[in-house]
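Single-structure report; data block below.
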Amino acid sequence: MYNINFDVIAQAAPQLIQGIKTTIFISVISSVCAFIIGLVIVFMRTMGGSLLKAIGAIYVEIIRNTPMLIQLYFVYKALPDLGLFLHPIACGIIALSLYTGAYISEVLRSGVNSVTSQQYEAARGLGLNKWQTFRLIIFPQAIRIVIPPLGSQFINLVKNSSLVSFIAVTDLFYFIYKGAVDDFRFFEFFIAGAFVYMTLTGIIAVIFNRIEKMFKLHGREARV
Amino acid sequence: MIRLENVSKYYKNLCVLKDINVNIEKGNIISLIGPSGCGKSTFLKCINGLTSVTEGKIYIDDLEITAKGVDLNKIRSEVGIVFQQFNLFPHLTVRENINLAPVKVKKMPKNDVEMQTMYLLEKVGVLDKIDKYPDQLSGGQAQRVAIARSLAMQPKIMLFDEPTSALDPQMTLEVLDTIKDLAKEGMTMVVVTHEMGFAKEIADKVIFLSRGKIIEEGEPSKIFDNPEKKITEDFINSVLKH
Numbered sequence: 003m004y005n006i007n008f009d010v011i012a013q014a015a016p017q018l019i020q021g022i023k024t025t026i027f028i029s030v031i032s033s034v035c036a037f038i039i040g041l042v043i044v045f046m047r048t049m050g051g052s053l054l055k056a057i058g059a060i061y062v063e064i065i066r067n068t069p070m071l072i073q074l075y076f077v078y079k080a081l082p083d084l085g086l087f088l089h090p091i092a093c094g095i096i097a098l099s100l101y102t103g104a105y106i107s108e109v110l111r112s113g114v115n116s117v118t119s120q121q122y123e124a125a126r127g128l129g130l131n132k133w134q135t136f137r138l139i140i141f142p143q144a145i146r147i148v149i150p151p152l153g154s155q156f157i158n159l160v161k162n163s164s165l166v167s168f169i170a171v172t173d174l175f176y177f178i179y180k181g182a183v184d185d186f187r188f189f190e191f192f193i194a195g196a197f198v199y200m201t202l203t204g205i206i207a208v209i210f211n212r213i214e215k216m217f218k219l220h221g222r223e224a225r226v
Numbered sequence: 435m436i437r438l439e440n441v442s443k444y445y446k447n448l449c450v451l452k453d454i455n456v457n458i459e460k461g462n463i464i465s466l467i468g469p470s471g472c473g474k475s476t477f478l479k480c481i482n483g484l485t486s487v488t489e490g491k492i493y494i495d496d497l498e499i500t501a502k503g504v505d506l507n508k509i510r511s512e513v514g515i516v517f518q519q520f521n522l523f524p525h526l527t528v529r530e531n532i533n534l535a536p537v538k539v540k541k542m543p544k545n546d547v548e549m550q551t552m553y554l555l556e557k558v559g560v561l562d563k564i565d566k567y568p569d570q571l572s573g574g575q576a577q578r579v580a581i582a583r584s585l586a587m588q589p590k591i592m593l594f595d596e597p598t599s600a601l602d603p604q605m606t607l608e609v610l611d612t613i614k615d616l617a618k619e620g621m622t623m624v625v626v627t628h629e630m631g632f633a634k635e636i637a638d639k640v641i642f643l644s645r646g647k648i649i650e651e652g653e654p655s656k657i658f659d660n661p662e663k664k665i666t667e668d669f670i671n672s673v674l675k676h
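As they're listed, the protein sequences go chains Y and U.
Take the first sequence: its position 139, counted from the start at 1, is 141 in the working numbering, and no numbers get skipped.
Take the second sequence: its position 142, counted from the start at 1, is 576 in the working numbering, and no numbers get skipped.
Here it is, written out as structure tokens:
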């Protein structure tokens, strides 16, 4: 019978904490970048001309129809062939941002599409340009609608960040796996790992619940 | 002041406006009537550049707005438009709805904008709602706020797209009174309306539009009481029966 012994986790704690820090670092930077990418893409696809629309659509389709692991390895292994050498953490951030950005743009796009065209006409009718219309009228209404699915995207990002251990980044998953293999303590390390990831994503869930309430508090959900 | 020359508008193969020629003088009030789907809304949207024309030219103060490279944002800021469904911005208060365009488009100083907003809300009679959100207003109040929002840009022309169609009779009166006040001040206006009594009272000219063509135009008394064409007469009778 297998003896469950969580003391091994305590012994590996310093390394795990180092891993958690790396995972948080990668996740935070990637979240910001992914959101910005999502914003740019959704602006291109909803307000841009036909060329920008096409570029945005092609980007999203390429990203979401290929495995993230291929994208990760592409940045890590293929870019150096073109003379671009980046730190593995930078590679991880780039791949995660590009990947999640495509999904975030789709979430935002569904929000933008749910704002009626009359809102667009009213804003343009007052003389606001496309960017002002998007920034001041369309986006604030769209974001209120898509806060829950948007939160899911950031949660996915944190979980997907575990893939960066494949390209030699010493993140949380790397140390969990290392600890498990070194001590033959798979049960303890994977349970502990799952718990830590759940804690991190749980924080995001709480933050997004707050944001959702905050918008309600300031009155007026977008009524369309 | 506004001149449309041979304006036509197609959506793919569908003809929405056909060979429209209209001349609107400063201070004129034009009432546009016609069955739904006849191109009235498109007519208004062409005048402030929300929709591009397929053929023909539109001039505002001798500036051809259908020419290439014209700053349409500037034209739109000078031509106010009020919609059937009010289209207030639901995430902004009444004050913010009205302040927005003067601050962001005209770059007017904040203090001046605030003063103007208060003045306009007083004028349309909803000053007490200044810090409310649009979903806290009645339809009539919302439409009057929408009118104030357009006026805040100090437009040369106001376009109204069936401003009272979504309102009950009481609220309709409130909004019509507001529009009448504007008429008294000499504002140039194009009003799409089914309120025949109102059109008769304030319009200098009535244009009857059907299937994208101008069927008949003239003084209200002529169009309403002695229409030349059978189709005009049928339409007016059908509206008056309701």
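Don't be surprised by glycine CBs; every beta carbon is placed ideally from N, CA and C.
For a test of the three-state rule: what should DSSP assign to residue i, helix, strand or coil?
{"i": "L98(Y)", "result": "helix"}
{"i": "T172(Y)", "result": "coil"}
{"i": "D565(U)", "result": "coil"}
{"i": "G503(U)", "result": "coil"}
{"i": "G113(Y)", "result": "helix"}
{"i": "L88(Y)", "result": "coil"}
{"i": "E662(U)", "result": "coil"}
{"i": "E190(Y)", "result": "helix"}
{"i": "L522(U)", "result": "coil"}
{"i": "G652(U)", "result": "strand"}
{"i": "L484(U)", "result": "coil"}
{"i": "L138(Y)", "result": "helix"}
{"i": "V226(Y)", "result": "Per-residue confidence for V226(Y) stands at a pLDDT of 40, beneath the threshold of 50, marking its modelled position as unreliable; the derived number appears in the next sentence. In the structure shown, V226(Y) sits in coil (DSSP, three-state: anything other than H, G, I, E or B)."}
{"i": "L497(U)", "result": "strand"}
{"i": "L601(U)", "result": "coil"}
{"i": "F8(Y)", "result": "coil"}
Using only the alpha-carbon positions, how far apart do residue i and residue j sit?
{"i": "T25(Y)", "j": "Q121(Y)", "result": "41 Å"}
{"i": "H628(U)", "j": "S511(U)", "result": "27 Å"}
{"i": "D668(U)", "j": "S644(U)", "result": "12 Å"}
{"i": "K634(U)", "j": "S52(Y)", "result": "46 Å"}
{"i": "A224(Y)", "j": "Q143(Y)", "result": "Any answer about A224(Y) is weak, because its pLDDT of 45 lies below 50 and its placement is not dependable; what the coordinates show is given next. Roughly 5 Å between the two C-alpha positions."}
{"i": "T48(Y)", "j": "L100(Y)", "result": "19 Å"}
{"i": "F45(Y)", "j": "I140(Y)", "result": "10 Å"}
{"i": "F76(Y)", "j": "N67(Y)", "result": "15 Å"}
{"i": "C449(U)", "j": "N440(U)", "result": "14 Å"}
{"i": "L610(U)", "j": "K55(Y)", "result": "43 Å"}
{"i": "V208(Y)", "j": "K215(Y)", "result": "11 Å"}
{"i": "K540(U)", "j": "K508(U)", "result": "9 Å"}
{"i": "N564(U)", "j": "G573(U)", "result": "The residue asked about is misnamed: residue 564(U) is Ile in this sequence, not Asn. Approximately 15 Å between the Cα atoms of the pair."}
{"i": "D495(U)", "j": "R437(U)", "result": "8 Å"}
{"i": "R529(U)", "j": "T551(U)", "result": "7 Å"}
{"i": "E489(U)", "j": "L593(U)", "result": "21 Å"}
{"i": "S29(Y)", "j": "T201(Y)", "result": "14 Å"}
{"i": "E619(U)", "j": "D546(U)", "result": "22 Å"}
{"i": "N462(U)", "j": "Y445(U)", "result": "30 Å"}
{"i": "G503(U)", "j": "I492(U)", "result": "14 Å"}
{"i": "A125(Y)", "j": "T612(U)", "result": "22 Å"}
{"i": "L110(Y)", "j": "A97(Y)", "result": "20 Å"}
{"i": "A535(U)", "j": "P524(U)", "result": "15 Å"}
{"i": "D9(Y)", "j": "I178(Y)", "result": "14 Å"}
{"i": "G473(U)", "j": "V558(U)", "result": "29 Å"}
Taking DSSP's pairing of strands, which residues face residue i in a bridge?
{"i": "S644(U)", "result": "K647(U)"}
{"i": "C449(U)", "result": "Y444(U)"}
{"i": "N683(U)", "result": "Coverage of chain U is limited to positions 435 through 676, which leaves residue 683(U) absent and any answer about it impossible."}
{"i": "T622(U)", "result": "I591(U)"}
{"i": "L466(U)", "result": "V626(U), I641(U)"}
{"i": "G514(U)", "result": "M592(U)"}
{"i": "K491(U)", "result": "E439(U)"}
{"i": "E556(U)", "result": "None, per the DSSP bridge assignment."}
What does residue i touch in chain U if you count any residue whose Cβ is under 7 Å from its own?
{"i": "P142(Y)", "result": "H525"}
{"i": "N131(Y)", "result": "N507"}
{"i": "G127(Y)", "result": "N482, L484, R510, I515"}
{"i": "N120(Y)", "result": "Going by the sequence as given, residue 120(Y) is Gln instead of Asn. Within chain U, the residues near Q120(Y) are F517, Q519, N521."}
Run through chain U and tell me which residues come within less than 9 Å of residue i, C-beta to C-beta.
{"i": "E123(Y)", "result": "K479, L484, I515, F517, N521"}
{"i": "L245(Y)", "result": "The requested residue 245(Y) is not part of the displayed model; chain Y covers only 3 to 226."}
From the beta carbon of residue i, is the nearest beta carbon of chain C less than 9 Å away?
{"i": "R111(Y)", "result": "Although the question refers to chain C, the structure presented lacks it and instead comprises the protein chains Y and U."}
For a contact defined as C-beta to C-beta under 7 Å, what are the partners of residue i on chain Y?
{"i": "M592(U)", "result": "Those do not exist, as M592(U) stays about 11 Å from chain Y at its closest Cβ, beyond 7 Å."}
Using a cut-off of 8 Å between C-beta atoms, extract the partners of residue i located in chain Y.
{"i": "M587(U)", "result": "L128, G129"}
At a CB-CB cut-off below 8 Å, which residues of chain U make contact with residue i?
{"i": "Q73(Y)", "result": "In chain order: nothing, as chain U lies at least about 36 Å away."}
**OP:** Please name the residues in the segment 5-22 of chain Y whose beta-carbon is closer than 9 Å to at least one beta-carbon of chain U, in chain order.
**Re:** none
Original post:
What residues from the segment 148-164 of chain Y come within 9 Å of chain U, judged by C-beta to C-beta, listed N to C?
Top reply: Within the segment 148-164 of chain Y, no residue qualifies.
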